[in-house]
Amino acid sequence: GCHGSEYFQLKREVGQRPPHSHTALGRAYLAALAEPRYSEMLRELKTHSPAKEWPQVREGIEQARSDYSRYGFVFSLGDWRPEVYAAGVTLTSPDGSRVYALSCSGSAALMTRKRLIQQIGPRLVAIRDESYALAGGRRD
């Protein structure tokens with residue numbers, strides 16, 4: 002049908018969000034946050050995570066921040082759903098007051114880490130930069 006594979010249907014109710022800590026979209030958002038907002042979000046995420054899972058969740062978030070510094074984008078390699086790999090990039094409002102994110106996801110069979118690094122991530126960065134140029138926004 003026109004809805005595509007059921008693996009990629011979020012099946013969310015209005016107002017529901019995928020977890021920031023596990024998705025490329027959420028990790029891109031978190032990667033762009035400055036203190037003290039970043040620490041506030043970590044505390045909030047910790048309260049919503051099972052205690053035994055928190056160290057792994059935090060490690061994934063910290064790895065995303067490191068990846069963002071290294072590549073200019075972040076990953077989710079099956080962290081939210083094992084069959085879904087994704088890359089994400091941050092968009093910031095011209096005055097820096099708002100943080101947005103853009104991601105691209107697909108089947109882990111097609112969206113390998115190598116492809117995300119070499120093709121998808123750089124294209125997301127280019128889309129972000131072109132958006133900034135068109136809107137007169139900032140470049141990260």
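Just so you know, we're using the working numbering here: the sequence shown kicks off at 2 and counts up by one. Here a beta-carbon is modelled for each residue, glycine too, at the ideal position from N, C-alpha and C. For clarity, every value in this text was computed on a predicted model and none was experimentally measured.
Best match in the options for proximity to residue i [C-alpha to C-alpha]
i              : options                         : result
isoleucine 118 : Val100, Gln57 and Gly89         : Gly89
glycine 103    : Gly73, Leu43, Gly137 and Leu46  : Looking at the sequence shown, residue 103 is not glycine but leucine. Of the candidates Gly73, Leu43, Gly137 and Leu46, the one whose C-alpha sits nearest the C-alpha of leucine 103 is Gly73.
valine 126     : Gly97, Thr48, Thr93 and Arg82   : Thr93
serine 132     : Gly107, Lys115 and Pro95        : Pro95
cysteine 105   : Ser77, Glu36 and Asp130         : Ser77
valine 75      : Ala29, Arg38 and Tyr101         : Ala29
serine 98      : Met112, Glu36 and Arg44         : Glu36
arginine 66    : Tyr39, Arg44, Pro123 and Gly137 : Tyr39
aspartate 130  : Thr91, Leu111, Arg82 and Ala52  : Thr91
Whole-Å CB distance - residue i paired with residue j, under 8 Å assumed
i           : j             : result
tyrosine 86 : glycine 79    : 6 Å
leucine 31  : isoleucine 62 : 6 Å
Sequence-distant residues of its chain with Cβ nearer than 6 Å to residue i (five each side left out)
i            : result
valine 58    : Ser22 and Ser50
leucine 135  : none
leucine 26   : Gly89, Ala102 and Ser104
glycine 107  : none
threonine 24 : Ser77 and Trp81
Beta-carbon contacts of residue i that lie in its chain and below 7 Å, excluding the five residues immediately before and after
i             : result
tryptophan 55 : Lys47
Contacting residues, own chain, Cβ-Cβ under 8 Å from residue i (five flanking each side not counted)
i             : result
threonine 113 : Tyr86
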